[in-house]
Every structure is written in structure tokens, then in C-alpha cells.
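Engineer: Counting in my numbering, the sequence shown runs from 461 upward without gaps.
Every residue, glycine too, gets a C-beta built ideally from N, C-alpha and C.
Here it is, the structure, as C-alpha cells.
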Amino acid sequence: ANKRLVAYLVLNMAQEAMPNTLRRFIKDKLPDYMVPSAFVKLEAMPLTPNGKVDRRKLSQLSVSREPLSEETFVAPRTSEEELLAGILAELLSVERVGIYDNFFELGGHSLLATQFISQVRDVLQAELPFHCVFNTPTVADLAKLIEVGRQKKPFPPIQPIPRNDALPLSFSQERVWLIQQLVPDNLAYNFQFTLLFEGLLDVATLEQSLSEIVRRHEIYRTTFPTRDGRPIQIIHQAQPVKLQVVDLQALSDREYEVE
Numbered sequence: 461a462n463k464r465l466v467a468y469l470v471l472n473m474a475q476e477a478m479p480n481t482l483r484r485f486i487k488d489k490l491p492d493y494m495v496p497s498a499f500v501k502l503e504a505m506p507l508t509p510n511g512k513v514d515r516r517k518l519s520q521l522s523v524s525r526e527p528l529s530e531e532t533f534v535a536p537r538t539s540e541e542e543l544l545a546g547i548l549a550e551l552l553s554v555e556r557v558g559i560y561d562n563f564f565e566l567g568g569h570s571l572l573a574t575q576f577i578s579q580v581r582d583v584l585q586a587e588l589p590f591h592c593v594f595n596t597p598t599v600a601d602l603a604k605l606i607e608v609g610r611q612k613k614p615f616p617p618i619q620p621i622p623r624n625d626a627l628p629l630s631f632s633q634e635r636v637w638l639i640q641q642l643v644p645d646n647l648a649y650n651f652q653f654t655l656l657f658e659g660l661l662d663v664a665t666l667e668q669s670l671s672e673i674v675r676r677h678e679i680y681r682t683t684f685p686t687r688d689g690r691p692i693q694i695i696h697q698a699q700p701v702k703l704q705v706v707d708l709q710a711l712s713d714r715e716y717e718v719e
């Protein structure tokens, strides 16, 4: 389950506060990421034998979602709203989501928004732009956007094009190439580093991972020769990465450092 911030409250007998009222008060005092996604009212805080708040027992309490505003809960009205509410309830680890409940007031954040968009794509075969979740963070509004989007002619999917021929350099690449011609010994754009892995290293898995990175990112298999005095870039076919493994276990400390 996704972690979320929960507030446990003990109210005075004469006071009664709705979660929405508490949230507005806290928002004036704390940044958004510190505003609890749920408020749990208790008769008394559970205590340890030493008289301190027992955080372990608090974490074991059931967190049921109360209405987030003074309005009553409004259940989904259509199949799409029901699917959207179900996706959000599972992501946010709440019992139910009303069509007017705010995604972020329920504990949503950008990472969960990304997961939500992905699940909407899989379940509803619909595309929701990332900013829509922030601008219209309720099931009712998101369902309307999906319906409007389906009435529009969808954009054709972007298809990869063959990379068999030489390609011109981008403006940024031309700039770096020119600097290299003027100052051949300039290493400002060279980057190298050493990684230290601790523990047992699975070389085969590392090779597979590097091979997949090279396959997916053309820049790692691109060279920049010149043709007729002008630079070009050639994207080569992906080849499996093979690492050279040197066993240093039998070397002395001095030999190890030299190697």
C-alpha cells in the first residue's frame, strides 16, 4: 500500500471539526506535503507503559475515510466514473471515493498521479494529460474530460523511422563539434567515472541491463564522422555489451591499487 500522512486527534467535548475545516486550518500553518490525507478522531491516545504515545498501536488502527467536506458523499453515476473512483480508491488506500472528492486532499501526489494516468490508459483506453489531474482533480471532472477526448479525432501514434542513413547534427552537437575542431585537446565535454559495487555482482545481468540501455538510447551508439568536410551522425545497430572482467582477489594491496 502507498504510504500517507494520517492525523490522529483527540477533540474537546465541546468541539466538533470536519476534516475539511481541519485541513484548511493546517494548510495555513504547514506546506502542502505536510497536510494529512486522513483525520482519525480518538477518545484518547494509546499510551505506552512509560506514558508516551504508542505510535505502533496508532499505525494499527483502521483509517476509515470521513467526508472530506461538509457535502455528503456522492457515488459514481456512470460506468466510467465508477471505474475512475475504483482506481483512485485502490491507489489511495481508501474505502471509497466520491465523484467530487479531491484527489490531492485524499493524499494524492505527483507519483500517484502518474500511476493513475497509466491505469486509466490500461483500463479505459483513454489518455489523460498530466496537467488535467492537477487542474481537475475530481472523478466527475476527469470523466467529462475523457468523454470529450473520445469525441475528438485521436492523434496518430508516433512511429519510429528507419535510421539507416547519415543524419545532420543538431545545433548543440554542431557547437560541440566546432569547439573540438578548434581545441582538439579540450576535455570539457568528456565525462568518465568509476562505480564501486559492494557485494556479489551478477555480471550477466549487468551486461543485459547495459545492452538494453544502449538499445533504447541511440546516442550511446552514435558516431560523428565527417563527410565532404561537414560533420554527420551515424546511428549504428545495437550490439550486446560485453564487459571485461579482471579478478583482483589474488593481488596484494599494492598491486590492487596499481591495477
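Which residues mark the beginning and the end of the alpha helix (DSSP H) in which lysine 604 is found?
Structural biologist: That run of the alpha helix (DSSP H) goes 599-611.
Engineer: I'd like to know if the segment 664-679 and the segment 704-711 are in contact, where contact means that at least 3 CB-CB pairs between them fall below 8 Å.
Structural biologist: These segments do not touch.
Engineer: Look at the alpha carbon of alanine 573 and the alpha carbon of glycine 689, and state the distance between them as a whole number of angstroms.
Structural biologist: Going from the Cα of alanine 573 to the Cα of glycine 689 covers about 50 Å.
Engineer: Taking Cβ positions, are leucine 588 and isoleucine 606 nearer each other than 9 Å?
Structural biologist: Their beta carbons are under 9 Å apart, which means leucine 588 touches isoleucine 606 by this criterion.
Engineer: Can you give the Cα-Cα distance for glutamate 715 and leucine 703, rounded to whole angstroms?
Structural biologist: Roughly 22 Å between the two C-alpha positions.
Engineer: At the level of alpha carbons, what is the spacing between serine 671 and phenylalanine 684?
Structural biologist: Cα to Cα, the separation comes out at about 21 Å.
Engineer: Apply the 10 Å Cβ neighbour rule to glutamate 717 and answer buried if 16 or more other Cβ atoms are within range, or exposed otherwise.
Structural biologist: Glutamate 717 should be labelled exposed.
Engineer: Suppose you measure from the CA of methionine 592 to the CA of glutamine 668; what does that come to, to the nearest Å?
Structural biologist: The residue asked about is misnamed: residue 592 is cysteine in this sequence, not methionine. Rounded to whole angstroms, cysteine 592 to glutamine 668 spans 37 Å at the Cα level.
Engineer: In this structure, how does DSSP classify proline 700 when only helix, strand and coil are distinguished?
Structural biologist: The answer is coil: DSSP assigns proline 700 none of H, G, I, E or B.
Engineer: Got a sec, what are the start and stop residues for the beta strand (DSSP E) alanine 467 sits in?
Structural biologist: Note, alanine 467: beta strand (DSSP E), 466-469.
Engineer: Let me check understanding here. Comparing Cα to Cα, which of Ile577, Thr686, Trp637 lies closest to isoleucine 547?
Structural biologist: When each option's Cα is compared against that of isoleucine 547, the closest is Ile577.
Engineer: In the structure shown, what three-state DSSP assignment does phenylalanine 631 receive?
Structural biologist: Helix, per DSSP.
Engineer: In whole angstroms, what is the alpha-carbon distance linking asparagine 510 and proline 597?
Structural biologist: If you take the alpha carbons of asparagine 510 and proline 597, they lie about 44 Å apart.
Engineer: Is glycine 568 near leucine 584, with beta carbons less than 9 Å apart?
Structural biologist: Cβ distance not < 9 Å, so glycine 568 and leucine 584 don't count as in contact.
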